[in-house]
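Peer 1:
In my numbering, the protein residues as written are 13 to 244.
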């Protein structure tokens, strides 16, 4: 009988000791977390190659001690979406702003060019550039007036390419203000089949950019016009 009592007493004491140790460890962990100041940080779920457009699904959030944070780390996943990876990112790696290319950055121009397009810069002045009211993100038609190669021909005005997105105005690749941007160049997102024609129009003719309305879906192409039509 005594043996059973001693057994149960030992069991109770063991359970009490285990409970005390457990409570101590829980309290210790809580104090450790509080002391560490854990911060939620986005990290890559898996390896991400360079020059890839990023979205929130590529990342997960983990908690890291504040002291382990890189000074350049991004803490909000929302800031990452839409940016591009400048370099390869390893799985579990903190996301550093210095290793991303953002749409607002001057370095991001190459990332804004549409597939099978090229960025072409053309010179403009206050007239050919719509008095400085063209802004990045607008759409324009490129219209050239060119003299004939022989005396028998006629001066011709025609559309070289239409619905061209404006990538940059001067050195600006995003809208700065509602004011005019007085610049001498405009960079356009040009389809491959129109690149050489636009360059020749700029070099050999008088090129004007025609600003299209916002949300314009009209597919009508402006007709060509010959100087002889003035006398008809």
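Quick reminder that beta carbons are idealized off the backbone N, C-alpha and C, glycines included.
Quick caveat, the model's predicted, so the values are computed rather than measured.
Check whether the Cβ atoms of residue 220 and residue 167 lie closer than 9 Å to each other.
Peer 2: The residue labelled residue 220 in the question sits at position 208 within the chain shown. The residue labelled residue 167 in the question sits at position 155 within the chain shown. For residue 220 and residue 167, no; Cβs fall outside 9 Å.
Peer 1: Residue ranges of each beta strand (DSSP E) run of no fewer than 3 residues wholly in the segment 187 to 231, ordered along the chain?
Peer 2: 197 to 203, 218 to 223
Peer 1: By DSSP, does residue 236 sit in helix, in strand, or in coil?
Peer 2: Position 224 of the chain shown, counted from the first residue, corresponds to residue 236. Note: residue 236 maps to coil in three-state DSSP.
Peer 1: Taking 9 Å as the CB-CB limit, is residue 122 close to chain E?
Peer 2: The structure shown contains no chain E; it holds only a single protein chain.
Peer 1: Is the Cβ-Cβ distance between residue 65 and residue 94 less than 9 Å?
Peer 2: In the chain shown, counting from the first residue as 1, residue 65 sits at position 53. In the chain shown, counting from the first residue as 1, residue 94 sits at position 82. The answer is yes: Cβ separation under 9 Å.
Peer 1: Apart from the five residues on each side of it in sequence, which residues of its chain come closer than 8 Å, Cβ to Cβ, to residue 179?
Peer 2: Here residue 179 is taken as the residue at index 167 of the chain shown, counted from 1. Contacts found: 121, 124, 125, 131, 148, 185, 199, 200, 201.
Peer 1: If you drop the 5 nearest sequence neighbours on each side, which residues of the same chain put their C-beta closer than 7 Å to that of residue 190?
Peer 2: The residue labelled residue 190 in the question sits at position 178 within the chain shown. With a pLDDT of 44 at residue 190, under the threshold of 50, the predicted position of this residue should be treated as unreliable, though the coordinate-derived value follows. So no residue of the chain qualifies.
Peer 1: Would a C-beta distance cut-off of 9 Å place residue 52 and residue 92 closer than the cut-off?
Peer 2: The residue you call residue 52 lines up with position 40 of the chain shown. The residue you call residue 92 lines up with position 80 of the chain shown. Result no, Cβ atoms of residue 52 and residue 92 do not sit closer than 9 Å.
Peer 1: So what does residue 168 bridge to, in DSSP terms?
Peer 2: Position 156 of the chain shown, counted from the start, is the residue given in the question as residue 168. Looking at the DSSP assignment, residue 168 forms a beta bridge with 158, 238.
Peer 1: Report, in whole angstroms, the separation of the C-beta atoms of residue 210 and residue 146, which I expect to be a contact under 8 Å.
Peer 2: Position 198 of the chain shown, counting from 1, holds the residue named residue 210. Position 134 of the chain shown, counting from 1, holds the residue named residue 146. Residue 210 to residue 146, Cβ: 16 Å. No contact.
Peer 1: Compute the distance between the beta-carbons of residue 159 and residue 90, then report whether it is under 9 Å.
Peer 2: One-based indexing of the chain shown puts residue 159 at position 147. One-based indexing of the chain shown puts residue 90 at position 78. Result no, Cβ atoms of residue 159 and residue 90 do not sit closer than 9 Å.
Peer 1: Output needed for residue 236: all residues of its chain with C-beta closer than 8 Å, excluding positions within five of it in sequence on either side, in chain order.
Peer 2: In the chain shown, residue 236 corresponds to position 224, counting from 1. Same-chain partners within the cutoff: 168, 169, 170, 171.
Peer 1: In angstroms with no decimal places, state the Cα-to-Cα distance between residue 240 and residue 60.
Peer 2: Here residue 240 is taken as the residue at index 228 of the chain shown, counted from 1. Here residue 60 is taken as the residue at index 48 of the chain shown, counted from 1. Residue 240 and residue 60: Cα-Cα distance of roughly 60 Å.
Peer 1: Under a Cβ-count criterion, where at least 16 other Cβ atoms within 10 Å of its own Cβ denotes burial, should residue 96 be classed as buried or exposed?
Peer 2: Start at 1 with the first residue of the chain shown, and residue 96 comes out as number 84. Buried, because 16 or more other Cβ atoms sit within 10 Å of the Cβ of residue 96.
Peer 1: Where does residue 175 sit, in a helix, a strand or coil, going by DSSP?
Peer 2: For this step, residue 175 is matched to residue 163 along the chain shown. If DSSP states are grouped into helix, strand and coil, residue 175 belongs with the strands.
Peer 1: Does the beta-carbon of residue 39 have 16 or more other beta-carbons within 10 angstroms, so that it is buried, or is it exposed?
Peer 2: The residue given as residue 39 occupies position 27 in the chain shown. Exposed, since its Cβ has fewer than 16 Cβ neighbours within 10 Å.
Peer 1: My output table needs one value for residue 107: the three-state DSSP class, helix, strand or coil.
Peer 2: For this step, residue 107 is matched to residue 95 along the chain shown. The answer is coil: DSSP assigns residue 107 none of H, G, I, E or B.
Peer 1: Under a three-way DSSP split, which group does residue 142 fall into?
Peer 2: Here residue 142 refers to the residue found at position 130 when the chain shown is read from its first residue. Residue 142: helix per DSSP, three-state reduction.
Peer 1: Tell me whether residue 35 sits in a helix, a strand or coil according to DSSP, three-state version.
Peer 2: One-based indexing of the chain shown puts residue 35 at position 23. The answer is helix: DSSP assigns residue 35 an H, G or I state.
Peer 1: Looking at the structure shown, is residue 81 part of a helix, part of a strand, or coil, going by DSSP?
Peer 2: For this step, residue 81 is matched to residue 69 along the chain shown. Three-state DSSP puts residue 81 in coil, outside helix and strand.
Peer 1: Which of helix, strand or coil does DSSP assign to residue 134?
Peer 2: On the chain shown, residue 134 is found 122 positions in, with the first residue counted as 1. If DSSP states are grouped into helix, strand and coil, residue 134 belongs with the strands.
Peer 1: Give the C-beta separation of residue 10 and residue 56 to the nearest angstrom, bearing in mind that I take them to be a contact with Cβ-Cβ under 8 Å.
Peer 2: Missing from the structure shown is residue 10; the chain here goes from 13 to 244 and no further.
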